[in-house]
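Chemist: Handing you this structure, nothing more for now.
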Amino acid sequence: MSLSLYNTLTRKKEEFQPLHAPQVGVYLCGPTVYSEAHLGNARGPVVFDVLTRYLRHLGYQVRYVRNITDVGHLESDADTGEDKMEKAARAARIEPMQVAQHFTNRYRQHMLALGCLPPDIEPQASGHIIEQVQVIEEIIANGLAYEVNGSVYFDVPGYNEQHDKEGRYGKLANRSIEDQLAGTRVGLEGQSEKRSPLDFALWKKASPEHIMRWPSPWGEGFPGWHLECSAMSRKYLGELSDIHGGGLDLMFPHHECEIAQSQGSHAHTDEARFWVHNNMITVNGTKMSKSLGNFVLLGDLFTGPTGPLAFGYSPMVVRFFLMQAHYRSPVDVSDDALQAARKGYRKLMNGLRLLDKLDVSGSLSVGSEENKNGPATDSQQLTAEATQLLQLAAKPAEFLNDDLNTPRAMAALFDLLKRFNTLAANPAALAEVGPEALAAAAGTYRTFVQDVLGLRDEPRANAEQLLDLTLSFYSEAKADKAYDKVDVIRAALKSQGIVIKDTKAGVEWAYSEE
RNA sequence: GGUGACGUGACCGAGUGGCUAGGUAGAGGUCUGCAAAACCUCCUACGGCGGUUCGAAUCCGCCCGUCACCUCCA
């Protein structure tokens, strides 16, 4: 069985086949770095992290691109509107790029904490002005954009006349431009330059006070809101990439415009074969968003309490929580849900520890080969117990293949864990399973928990406190003149790079300087 | 108004035309110096009303309710 993904473009689950196997190009619309990231901003990166991890697990060579948008988009559509980045920079009295760098650094820290592997390429919009200008020139050459007063707009009605075969503007979001026009209030401020209200900016002329500006064939200005993703996706993944994703709220207009730009440029493609959208995070059933102010900043979430949450939750708990819902369903945050997630996460981690013990006590060889969809099950020698275990172990991959169903995959891992726990308490059954099947199943469990789902153990014990406890045992042993124990403790700590010092003031420790 | 989702047990959250995930919480039990963990058992639901069907929570229709997009948003 192979991976299938829900493609927004076709509104169907489709079997995933790379355009140029074994290479796979994945693009995720990254953050606009003018403010601190909130929980909602983390869902896409976590979903796409699991996706790219799984694609790699399947043996594909993935190039994962997640951009940083550091060209502030305008707060309003008006020509005089203030840039988000500029606004933040003015407030803090620093350079706009300092704002961008600051929040980029923070974003990377948070994503790393959440277990998201760094993207292979993390292009910045400001570093790709030339590429964006080139796309605009192509679109103009194709007669689908027009320049007005130093700004360039995409001609949506003109595009639709040319493109009824490849699909019109609105094909992704399933909207007709007639409906769009009917729902648009005409004569909004600053839209007078547009020929149609549906047209969108490819390049905006910078007003005199606008700080973030670049030269272009049309004068000094800055690129439009949707252009950077088209330009950078094309530069690093080619004119047509395998997968392009983002939050559901980016589907329209952002991704719709991207497709129009790519079709309207010399690329003449939908930019990506699979358009994948993750659903939103809600608070009490309402979307978490900046504008509604009901967001939970990641930094605050990790330390807590904040907003609707009475406690803090560690990054791995948050990751587990996010993966326990399917990516296309909305997920509601609450203390109850996160606390349940925390216990579940710890249970999964305890499973890893159990397997370490099982391996040692059973002196297992972990040499048995597993294929990418789980352990091999073709051996004739397998006992019924072993077969059953291997069948359980095949489930996680099966469920991830079905549109990345992480909740079911996790449920399968819990089933597997229950089996491990039972076996651990029952030597006879363990023997019945045999070392090969056990090793294979254990390998699957480890691989899926750690490498595919990306859950790592978060040490909860405080090392200093454990050390203090050890030192108190040391002191006791010394007082009892139980020197054999004393020596054992000394040696154990030494192996950890720590030496015990008996001073006049009492027992102390220091890092070994050897 | 247009488009698209969704309403599942105490909570979170999968899924499916019949075999009734999983996590958390609760009850009982095994184990146990205490405790924890683990395991076993129990609590077993699909908004309402019709229809299709041998059979629907799952398909269809209507109704009620919630949400999202159509403006920046992951």
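So the first sequence is numbered by the numbering used here: it starts at 27 and just counts up by one. Beta carbons: idealized from backbone N, C-alpha and C, even for Gly.
Just mark Tyr-353 as buried or exposed, buried being the case when its beta carbon has 16 or more other beta carbons within 10 Å.
Modeler: When all chains shown are included, Tyr-353 counts as buried.
Chemist: Report the three-state DSSP secondary structure of Phe-300 (helix, strand or coil).
Modeler: Note: Phe-300 maps to strand in three-state DSSP.
Chemist: Under 7 angstroms between the Cβ atoms of Ser-242 and Val-161?
Modeler: No, the Cβ-Cβ distance between Ser-242 and Val-161 is not below 7 angstroms.
Chemist: Can you give the Cα-Cα distance for Glu-297 and Asn-67, rounded to whole angstroms?
Modeler: Looking at the two C-alpha atoms, the distance is approximately 23 angstroms.
Chemist: Measure the C-alpha to C-alpha separation of Thr-448 and Trp-301 and round it to an integer number of angstroms.
Modeler: Answer to the nearest angstrom: the Cα atoms are 43 angstroms apart.
Chemist: Kindly give me the distance between the Cβ atoms of Leu-65 and Ile-307, rounded to whole angstroms, as I take these residues to be in contact under 8 angstroms.
Modeler: Yes, they are in contact, since the Cβ atoms of Leu-65 and Ile-307 sit about 6 angstroms apart, within 8 angstroms.
Chemist: Per DSSP, which residues does Ile-147 bridge with? Please list them.
Modeler: In DSSP, Ile-147 forms a bridge with Val-91.
Chemist: Between Trp-229, Ala-451 and Ser-291, which lies nearest to Lys-383 when the distance is taken from Cα to Cα?
Modeler: Of Trp-229, Ala-451 and Ser-291, the residue nearest in Cα terms is Ala-451.
Chemist: Helix, strand or coil, according to DSSP, for Ala-68 in the structure here?
Modeler: Three-state DSSP puts Ala-68 in a helix.
Chemist: Does the beta-carbon distance from Gly-377 to Phe-74 come in below 7 angstroms?
Modeler: Not a contact, by the Cβ cut-off of 7 angstroms.
Chemist: Checking the sheet assignment: what are the DSSP bridge partners for Leu-54?
Modeler: The partner list for Leu-54 (beta bridge, DSSP) reads Arg-92 and Gly-271.
Chemist: Could you give the residue range of the alpha helix (DSSP H) that holds Glu-462?
Modeler: Its alpha helix (DSSP H) spans residues 461-472.
Chemist: Evaluate Val-174 with the Cβ neighbour count: other Cβ atoms within 10 Å of its Cβ, from every protein chain shown; 16 or more gives buried, anything less gives exposed.
Modeler: Flag for Val-174 reads exposed.
Chemist: Residues in its own chain within less than 8 angstroms of Ala-536 by CB, not counting five upstream and five downstream?
Modeler: Once the five neighbours on either side are set aside, the close Cβ partners of Ala-536 are Ile-524, Val-525 and Lys-527.
Chemist: Take Asn-380 as the anchor and find which of Thr-413, Ala-363 and Leu-442 has the nearest alpha-carbon.
Modeler: Sequence check: residue 380 is Leu here, not Asn. The shortest C-alpha separation from Leu-380 is found at Leu-442.
Chemist: Where does Phe-440 land, buried or exposed, given buried means 16+ other C-beta within 10 angstroms?
Modeler: Phe-440 is exposed by the Cβ-count criterion.
Chemist: Taking the straight line between their C-alpha atoms, what separation do you get for Thr-403 and His-83?
Modeler: Its pLDDT being 47, under 50, Thr-403 is placed unreliably by the model, and nothing is read from it.
Chemist: In or out: Arg-37 buried (at least 16 other Cβ within 10 Å) or exposed?
Modeler: By the 10 Å Cβ count, Arg-37 comes out exposed.
Chemist: Out of curiosity, what's the CA-to-CA distance linking Phe-180 and Phe-226?
Modeler: So the two alpha carbons sit approximately 5 angstroms from each other.
Chemist: What residue range is occupied by the uninterrupted alpha helix (DSSP H) comprising Asp-494?
Modeler: First-last of the alpha helix (DSSP H) with Asp-494: 489-505.
Chemist: Express the C-alpha separation of Ala-117 and Met-238 in angstroms, rounding to a whole number.
Modeler: Near 15 angstroms, if we compare the C-alpha coordinates of Ala-117 and Met-238.
Chemist: Would you decide whether Gln-417 is buried or exposed? Buried here means 16 or more other CB atoms lie within 10 Å of its CB.
Modeler: Result: exposed.
Chemist: To the nearest whole angstrom, what separates the beta carbons of His-236 and Asp-109, a pair I think is in contact under 8 angstroms?
Modeler: Confirmed, Cβ separation roughly 7 angstroms.
Chemist: For Pro-334, which of helix, strand or coil comes out of DSSP?
Modeler: Correct three-state label for Pro-334: coil.
Chemist: DSSP on Glu-396, reduced to helix/strand/coil?
Modeler: The pLDDT assigned to Glu-396 is 41, lower than 50, so where the model puts this residue is not dependable, and the model offers no usable value.
Chemist: Could you tell me the boundaries of the alpha helix (DSSP H) in which Pro-241 lies?
Modeler: Premise fails: Pro-241 is in no alpha helix (DSSP H) and is neither H nor E.
Chemist: Is Phe-440 helix, strand or coil when you go by DSSP?
Modeler: In the structure shown, Phe-440 sits in a helix (DSSP, three-state: H, G or I).
Chemist: Mind checking which residues open and close the alpha helix (DSSP H) that includes Ile-156?
Modeler: Start and end: 155-167.
Chemist: Taking the beta strand (DSSP E) that Lys-39 belongs to, which residues open and close that run?
Modeler: Its beta strand (DSSP E) spans residues 38-41.
Chemist: Taking 8 angstroms as the cut-off, does the segment 139-159 touch the segment 284-292 (at least 3 CB pairs, one atom from each stretch)?
Modeler: Touching, no.
Chemist: Mapping DSSP to helix, strand and coil, what is Pro-341?
Modeler: Here Pro-341 sits in helix by DSSP.
Chemist: Cα-Cα, which of Val-125, Val-178, Gly-56 and Asn-488 is closest to Gly-247?
Modeler: For Gly-247, the nearest C-alpha among the options comes from Val-178.
Chemist: Enumerate in chain order the residues of its own chain whose CB-to-CB distance from Phe-129 is below 8 angstroms, with the five nearest sequence positions on each side excluded.
Modeler: If we look at Phe-129 and ignore the five residues flanking it on each side, its Cβ neighbours are Pro-57, Val-59, Tyr-60, Ser-61, Glu-62 and Ala-63.
Chemist: Report back the beta-carbon spacing between Gly-70 and Leu-45 to the nearest angstrom; my notes put them in contact at under 8 angstroms.
Modeler: That pair is no contact at about 22 angstroms.
Chemist: Quick one: Cα of Met-314 to Cα of Arg-434, how far?
Modeler: Straight-line Cα distance between these residues: approximately 25 angstroms.
Chemist: Helix, strand or coil: which one does DSSP assign to Ala-63?
Modeler: Ala-63: coil per DSSP, three-state reduction.
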